[in-house]
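Step one of this worksheet: look at the structure below.
There are 2 protein chains.
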Amino acid sequence: RVPMVTVKRLSRYLRALEKFQEKGFETVSSEELAGELNVKPSQLRKDLAYFGEFGTRGMGYSIPKLAEELRRILGLHRQWAIAIIGVGNLGTALLRYKGLNEKGFRIAALLDDDPEKVGSSRSGVHIFHIDDLPNLVKEKNIQIAILTVPAPAARAVADLAVKSGIKAILNFAPVSIKAPPDIAVMHVDISSELKILSHHLAELDLS
Amino acid sequence: RVPMVTVKRLSRYLRALEKFQEKGFETVSSEELAGELNVKPSQLRKDLAYFGEFGTRGMGYSIPKLAEELRRILGLHRQWAIAIIGVGNLGTALLRYKGLNEKGFRIAALLDDDPEKVGSSRSGVHIFHIDDLPNLVKEKNIQIAILTVPAPAARAVADLAVKSGIKAILNFAPVSIKAPPDIAVMHVDISSELKILSHHLAELDLS
Ligand SMILES: NC(=O)c1ccc[n+]([C@@H]2O[C@H](COP(=O)([O-])OP(=O)(O)OC[C@H]3O[C@@H](n4cnc5c(N)ncnc54)[C@H](O)[C@@H]3O)[C@@H](O)[C@H]2O)c1
Ligand SMILES: NC(=O)c1ccc[n+]([C@@H]2O[C@H](COP(=O)([O-])OP(=O)(O)OC[C@H]3O[C@@H](n4cnc5c(N)ncnc54)[C@H](O)[C@@H]3O)[C@@H](O)[C@H]2O)c1
């Protein structure tokens, strides 16, 4: 298996390639591409080597070819359906994020347990009741669940998602989700990112 | 310097300790505390060893004492002032997140460059024009900037923040921010977290 940090860098290499493409470049050297991510060219070559032979020594990489390869490796050559569970502040912000509605992703359903929200819609997407999740996963072939529910509800909602056939979870609640090994779970923990910053500030002893 | 992954675990140990405290526990063993994060007890002991001697062998840890130590190490014993720059979908969601207004953090100002937004307020916090950042950092002793501006604006806004005296940046825009070594910069890149999931789904070859 490829280390997660490598996969994270792949998506940043892809973003850098797309920016070079917008500026009209056809090829890019490993120094230029690695420089965009502040990594060494040897790291870029090591990352790509997990997936095969790309580019020719001394000639750099063909931008459209490498971008296409990275899209395939990242699974962006097809469209994955997403259910956002918990349509509060963060769920609503994510719904409007164009990163969820382009290149490989589509928001197929919103779910909540608040009777005031169920039955209405946000940005044109219908809000279903959380109990409908098993049917929706089958009907709409949903593979990804984004959890933006309060922390006390997160583990039960994740269990329901796994039972319904969801294969990948992006969890924003500050609690660790346990799932079977074939289910991918990513945590985005904004409050612990902030605490890294406050640890740094305390070290600088600013007062 | 302590590895960032260790600091991230510290904030998760603290959250687990607070949960045990809410349930009325006074002490906890390293097995129980490590288990909450799905890590080995030896990892917990290694993480804490960076900061000194905690707990007694065979007796476990005093929950209030260890929690207090972790708060001090994470810089939560004082309150850090935050400026949220870019009051759009994500900036507004973060403003309402209770994690930004408790234990060690306070939102001191909102900033934007949209004349329709400047001068109004959200959740009781005033929206200033981005050009006021240097004055606000001095007047309100702001140390942390959260960037929720579009990608093309992010680097210029980060440069202005650093020039204004900001010492820590949490960046949500999908572009890497370069800052001097004494400035801590954390990136939260939701779109690359999603691509790790689509890479996993492509590997399972679901179709
Ligand atoms: N707001 C932010 O910017 C932010 C930042 C970081 C982390 N988080 C985390 O994201 C989560 C959501 O935060 P928020 O600010 O959007 O909260 P919120 O209270 O605004 O929204 C939560 C939503 O989840 C719904 N819900 C509750 N239990 C449910 C269940 N069992 N099934 C389905 N829906 C359920 C609620 O009805 C509500 O609509 C929280 O865990 C929070 O800690 C939020
Ligand atoms: N919405 C999400 O859930 C989400 C998720 C992941 C990443 N992001 C990233 O977060 C950023 C914000 O996303 P959003 O959805 O909130 O966008 P948005 O367009 O809703 O909000 C952006 C805000 O920034 C302001 N702005 C633009 N240029 C500025 C400048 N130079 N100085 C100060 N303010 C400026 C705009 O006036 C607007 O209010 C983007 O970079 C986006 O890629 C958003």
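In order, the protein sequences belong to chains A and B.
Heads up: the first sequence is residues 48 to 254, going by the numbering used here.
Heads up: the second sequence is residues 48 to 254, going by the numbering used here.
Even for Gly, the Cβ is constructed at its ideal location relative to N, Cα and C.
Residue environment: residue 60 of chain A is assigned as buried (16 or more neighbouring CB atoms within 10 Å of its CB, all protein chains considered). Take the alpha-carbon of residue 94 of chain B and the one of residue 57 of chain B: they are about 8 Å apart. At a threshold of 7 Å, residue 184 of chain A does not count as near ligand 2, since its beta carbon sits no closer than that to any of the ligand's heavy atoms.
Within a 10 Å sphere around the beta-carbon of residue 105 of chain A sit fewer than 16 other beta-carbons, which makes this residue exposed. Assignment of residue 226 of chain A by DSSP, reduced to helix, strand and coil, places it in the coil class. With a beta-carbon spacing of about 13 Å, residue 203 of chain B and residue 216 of chain B fall beyond the 8 Å limit used to define contacts.
Relative to residue 193 of chain A, the option among A:185, A:182 and A:207 whose CA is nearest is A:207. Not a single heavy atom of ligand 2 lies less than 7 Å from the C-beta of residue 230 of chain B. Where residue 148 of chain B is concerned, there is no enclosing alpha helix (DSSP H), because DSSP gives it neither an H nor an E.
For residue 188 of chain A, same chain residues with a beta-carbon under 7 Å away, outside a window of 5 residues either side, are 128 in chain order.
For residue 50 of chain B, the closest alpha carbon among the candidates A:75, A:251 and A:246 is that of A:246. Contact between residue 184 of chain A and residue 157 of chain A does not hold, since their C-beta atoms are separated by about 14 Å, which reaches or exceeds 8 Å. Take residue 232 of chain A, set aside five residues on each side of it, and the residues of its chain with a beta-carbon closer than 6 Å to its own are 216, 224 and 226, in chain order. Against chain B, the CB of residue 97 of chain A has no partner CB under 8 Å away; the residue lies outside that interface. Going by beta carbons, residue 142 of chain A and residue 131 of chain A fall inside the 8 Å limit. Residue 167 of chain A carries a coil assignment under DSSP once its states are collapsed to helix, strand and coil. Collapsing the DSSP output to three states places residue 233 of chain B in a strand.
With the criterion set as a beta carbon lying under 7 Å from some beta carbon of chain A, the members of the segment 190-201 of chain B are 190 and 191, in sequence order.
Within the chosen limit of 7 Å, ligand 1 reaches the beta carbon of residue 144 of chain B through at least one heavy atom.
Chain B has a Cβ within less than 8 Å of the Cβ of residue 231 of chain A. The beta carbon of residue 168 of chain B is closer than 7 Å to those of 174 in its chain, skipping five residues each way along the sequence. Comparing alpha-carbon positions, the option among B:88, B:70 and B:205 lying closest to residue 77 of chain B turns out to be B:88.
DSSP places residue 52 of chain A inside the alpha helix (DSSP H), whose first and last residues are 51-69. Rounded to the nearest whole angstrom, the CA to CA distance from residue 147 of chain A to residue 191 of chain A is 11 Å. Contact with chain B is found for residue 240 of chain A, since one of that chain's Cβ atoms lies less than 8 Å from the residue's Cβ. Under the 8 Å criterion on CB atoms, residue 59 of chain B is classed as interfacial with respect to chain A.
In this structure residue 239 of chain A touches residue 55 of chain B by the C-beta definition: roughly 5 Å separates them, less than 8 Å. Burial check for residue 198 of chain B: the Cβ neighbour count within 10 Å stays below 16, so the residue is exposed.
Using a cutoff of 7 Å, the CB of residue 138 of chain A counts as near ligand 1, since one of the ligand's heavy atoms is closer than that. Assignment of residue 247 of chain A by DSSP, reduced to helix, strand and coil, places it in the helix class.
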